[in-house]
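Worksheet: one structure, shown below.
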Amino acid sequence: EDQVTQSPEALRLQEGESSSLNCSYTVSGLRGLFWYRQDPGKGPEFLFTLYSAGEEKEKERLKATLTKKESFLHITAPKPEDSATYLCAVQGRSWGKLQFGAGTQVVVTP
Amino acid sequence: GAGVSQSPSNKVTEKGKDVELRCDPISGHTALYWYRQSLGQGLEFLIYFQGNSAPDKSGLPSDRFSAERTGGSVSTLTIQRTQQEDSAVYLCASSRGQGSSGNTIYFGEGSWLTVV
Chain W
81 EDQVTQSPEA
91 LRLQEGESSS
101 LNCSYTVSGL
111 RGLFWYRQDP
121 GKGPEFLFTL
131 YSAGEEKEKE
141 RLKATLTKKE
151 SFLHITAPKP
161 EDSATYLCAV
171 QGRSWGKLQF
181 GAGTQVVVTP
Chain X
175 GAGVSQSPSN
185 KVTEKGKDVE
195 LRCDPISGHT
205 ALYWYRQSLG
215 QGLEFLIYFQ
225 GNSAPDKSGL
235 PSDRFSAERT
245 GGSVSTLTIQ
255 RTQQEDSAVY
265 LCASSRGQGS
275 SGNTIYFGEG
285 SWLTVV
């Protein structure tokens, strides 16, 4: 069974204080690893898909990396608007079933 | 539309009543997904449609839940004889299809269901 564990559960950062979120996974036949951002009362907003170990993707202050066992989401010099819950999910043998982690709630204070 | 559209955005229903939740996927997307997010819980897979293939219903929690997709586009999730434990956000998502080029999965804003 596919499993995803995200850590930490919550993260409080000062504006400009860079940090990393972890997503550890076990999956049979990884098709893709997804990162989403979710604001309160909203649906998940797509950030990145990573397909193979060693791959990296960047978007503004966010950078996602992938190894065979985990993925990291690096937040560089965060701003208060980066406050959200960040969700990690893996897509294994079944195209339709994303297995989501519980998320990391990030709060960035001015 | 530009994104995945869901309706209603909020629904309060009495225990035992039936509810229907609607999803309009992004135009041209052949894959459609339903997920459920309960308070404080992670996203839980419900059902997956891909083109004309038989849907993957393996995530539906009971026979009170069903979903259909008409004309390869709009989908309706139906919950019969609602129970309080059905209270959750029901999220619909769509993607262009299978394969790495179609693997970006976009979510709607969700339908918030409260069973009283």
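Chains as they are written, first to last, in the working numbering: chain W, 81 to 190; chain X, 175 to 290.
Cβ coordinates follow ideal geometry from the N, Cα and C atoms, glycine included.
Please read these numbers as outputs of a predicted model, since none were measured by experiment.
Collapsing the DSSP output to three states places W/Asp162 in a helix.
Identification of residues in the stretch 121-147 of chain W having a C-beta nearer than 9 Å to some C-beta of chain X yields Gly121, Lys122, Gly123, Pro124, Glu125, Phe126, Thr129 and Tyr131, given in sequence order. Going by beta carbons, X/Thr278 and X/Ser261 fall outside the 8 Å limit. When the five nearest sequence neighbours on each side are left out, the beta carbons in the same chain lying within less than 6 Å of the beta carbon of W/Arg111 are those of Gln171, in order along the chain. Judged by their CB atoms, W/Tyr116 and W/Leu101 are not nearer to each other than the 8 Å cut-off. Looking at X/Gln224, X/Cys197 and X/Gln258, the one whose alpha-carbon comes closest to that of X/Ser183 is X/Cys197. Of the other Cβ atoms in all chains shown, 16 or more fall within 10 Å of the Cβ of X/Ser268; this residue is therefore buried. Taking C-beta atoms as the reference points, X/Gly271 and X/Thr204 count as a pair closer than 8 Å. Taking the Cα positions, X/Ser181 is about 16 Å away from X/Thr244. Scanning X/Arg238, X/Leu265, X/Val248 and X/Tyr264 for the CA closest to the CA of X/Gln254 turns up X/Arg238. Look at the stretch 217-239 of chain X: the residues with a C-beta under 9 Å from a C-beta of chain W are Leu217, Glu218, Phe219, Ile221, Tyr222, Phe223, Gln224, Pro229, Asp230, Ser232 and Gly233. Rounded to whole angstroms, the gap between the alpha carbons of X/Tyr209 and W/Cys103 is 20 Å. Counting the other CB atoms within 10 Å of its CB gives W/Leu91 a total of 16 or more, which places it among the buried residues. W/Glu125 carries a strand assignment under DSSP once its states are collapsed to helix, strand and coil. Per DSSP, reduced to three states, the secondary structure at X/Gln257 is coil, with no helix or strand assignment. Counting along the chain, the unbroken beta strand (DSSP E) around W/Arg117 starts and ends at Gly112 to Gln118. At a C-beta separation below 7 Å, X/Tyr280 has these neighbours in chain W: Phe126. For W/Glu135, same chain residues with a beta-carbon under 6 Å away, outside a window of 5 residues either side, are Leu146 in chain order.
Under DSSP, the beta-bridge partners assigned to X/Val263 are X/Gln211 and X/Trp286.
In the three-state reduction of the DSSP assignment, X/Thr244 falls in the coil class. Under the DSSP assignment, X/Val178 falls outside any beta strand (DSSP E); it carries neither an H nor an E label. When rounded, the separation of the alpha-carbon atoms in W/Ala144 and X/Asp192 is 42 Å. Residue pairing by DSSP places W/His154 opposite W/Ser100 and W/Lys143 in a beta bridge. Around the CB of W/Asp119, fewer than 16 other CB atoms lie within 10 Å, so the residue is classed as exposed.
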